[in-house]
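Sequential numbering of the sequence shown, starting at 48, is according to our numbering. Yeah, the Cβ is synthetic: ideal placement off N, Cα and C, and Gly gets one too. Okay, so here's the structure we're looking at.
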Amino acid sequence: MTRSFRFFVLFILTAGVVSCRKPQPVETKVEAKPVYTMGMYGYDASFLREHTNQVVELSNEDHSAKILLSAEYQGRVMTSTAKGDSGVSFGWINYKLLGSEKKIKQFNPVGGEERFWLGPEGGQYALYFKKGDSFDLDHWQVPAILDTLPYEVSQASPTQALFTAKASLTNYSGTPFSIGIERRVNLLDRETIASKLNVSIPESLSLVGYETENKIQNLGKDDWKKEKGLLSIWLLGMMTPSDQTTVMIPFHAKANSRQLITDNYFGTIPPERLQVTDSVVYFRCDGKLRSKIGLSPRIAKTIATSYDFRQNVLTLILFPVDNTGRYVNSTWKLQDQPYQGDVVNAYNDGPQADGTQMGPFYEIESSSTANELKAGQSQTYRQMTCHFQGDYETLRTLMQSLTGIDLNTLKN
48 MTRSFRFFVL
58 FILTAGVVSC
68 RKPQPVETKV
78 EAKPVYTMGM
88 YGYDASFLRE
98 HTNQVVELSN
108 EDHSAKILLS
118 AEYQGRVMTS
128 TAKGDSGVSF
138 GWINYKLLGS
148 EKKIKQFNPV
158 GGEERFWLGP
168 EGGQYALYFK
178 KGDSFDLDHW
188 QVPAILDTLP
198 YEVSQASPTQ
208 ALFTAKASLT
218 NYSGTPFSIG
228 IERRVNLLDR
238 ETIASKLNVS
248 IPESLSLVGY
258 ETENKIQNLG
268 KDDWKKEKGL
278 LSIWLLGMMT
288 PSDQTTVMIP
298 FHAKANSRQL
308 ITDNYFGTIP
318 PERLQVTDSV
328 VYFRCDGKLR
338 SKIGLSPRIA
348 KTIATSYDFR
358 QNVLTLILFP
368 VDNTGRYVNS
378 TWKLQDQPYQ
388 GDVVNAYNDG
398 PQADGTQMGP
408 FYEIESSSTA
418 NELKAGQSQT
428 YRQMTCHFQG
438 DYETLRTLMQ
448 SLTGIDLNTL
458 KN
């Protein structure tokens, strides 16, 4: 056998062996999809995109601070996070109602940590009761422009969105209102938040903050007069409660301060749930007893807070206060003083008389003054909301800097 022939045979045998081998699969890495559970921002973001329309998300550059807005529900801030998609979702979401995709005639408590409403709710200038109706839950009706009608997204960017709408409303006394509405939501960066709070914020704290600019305009031909009823801008935030959540509202200490705090909206609040010192209201908000408090502008400061000891979350809202301003009275009765209402409120949800419950959730609310607007004039009201999360002692120090309140008073 010649040398060349042997080489040829060896080549044929080698080729046959190679051809009989099975091709090796190419390994491809498949990244697992993140799994978000209820209570996380990512879960709520996915849920809201599936069950609502016109969702707008604002986010900072590293996507740690995010807020989710809904044009379908009047440009409200549905929820927010300080730690990205896997972080705590701060707003309360009514999964059952939104998942059913049904509308309730009277009121749709879909949730959201800041929604736009108008006051007054009750009284002779009420917007939530028809003339002659009794001031009770059966006759209470939230206007559609504040409940079910969508707003238009007029502008949007990564950190800002503007929502607009027009409305025609008639109050309990029969006064008509033609209203233009603008609601701008701005996501704030850490430096801006620190500047607005006038404090130094430790880098160890995670945070998210936003400011809403809310404007109403008199689009009618007639001026708005106090004798016929005026409107206020009313901002309400639904938050998720826990058995370790307390709302704390500081106020100016005066001789008659206690008389300027209303605590009987839904009956007497037990002392273990409400404590009033000479300058702070402590209100337990666990979603287990329907109760509400309110502070007069004559004593209110420009801040209200809550703290969840379970998750170490500090929430605060900042709002303007006009100590001599005209504020609507929203109590459900004909009133002797319809413009001596609250500037800041807190509500704790709980079972109603028939055992049903909207939540559980708790709310921190603030209201603007009620102004006499001439035809074409407008009024603007701003509120800032912030959530901080991190080490307890760091949050305790921040709380003391902002309010003078020591969290150890509650913790111990």
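Boundaries cannot be given for Gln358, as no beta strand (DSSP E) includes it and DSSP labels it neither H nor E. The alpha carbon of Gln207 has as its nearest neighbour, out of Ile248, Glu104, Asp383 and Ser413, the alpha carbon of Glu104. DSSP, read as helix, strand or coil, puts Gly146 in helix. Within the stretch 352 to 432, the runs of beta strand (DSSP E) that reach at least 3 residues and sit entirely inside it are, in chain order, 360 to 365, 391 to 395 and 409 to 414. For Ser225, the CB contacts under 7 Å within the same chain, skipping 5 residues up- and downstream, are Ser215, Leu266 and Gly267 in chain order. Checking the DSSP bridge columns, you'll see Gly179 has no partner listed. In this structure, Asp270 sits near Leu420, with a CB-CB distance shorter than 9 Å.
For Gln447, the three-state secondary structure derived from DSSP is helix. A direct Cα-to-Cα measurement between Leu116 and Ser242 gives close to 25 Å.
The shortest C-alpha to C-alpha distance from Gln153 to any of Tyr142, Gly131, Ser136 and His186 is the one to His186. DSSP places Glu199 inside the beta strand (DSSP E), whose first and last residues are Glu199 to Ser204.
Between Ser253 and the set Ser133, Ala118 and Gln430, the nearest pair of CA atoms involves Ser133. Judged by their CB atoms, Ile452 and Met295 are nearer to each other than the 9 Å cut-off. Gln121 places its beta carbon 9 Å or farther from that of Ala203. In the structure shown, Glu250 falls within a coil segment according to DSSP collapsed to helix, strand and coil. DSSP places Ile346 in the coil class of the three-state scheme, outside both helix and strand.
As for any beta strand (DSSP E) of minimum length 3 sitting wholly inside the stretch 208 to 249, the runs are 223 to 235, ordered along the chain.
In this structure, Ser353 sits near Leu363, with a CB-CB distance shorter than 9 Å. Inclusion of Arg373 and Glu258 in the CB contact set at 9 Å is not warranted, their separation being larger than that value. The C-beta of Arg162 has 16 or more other C-beta atoms within 10 Å across all chains shown, which makes the residue buried.
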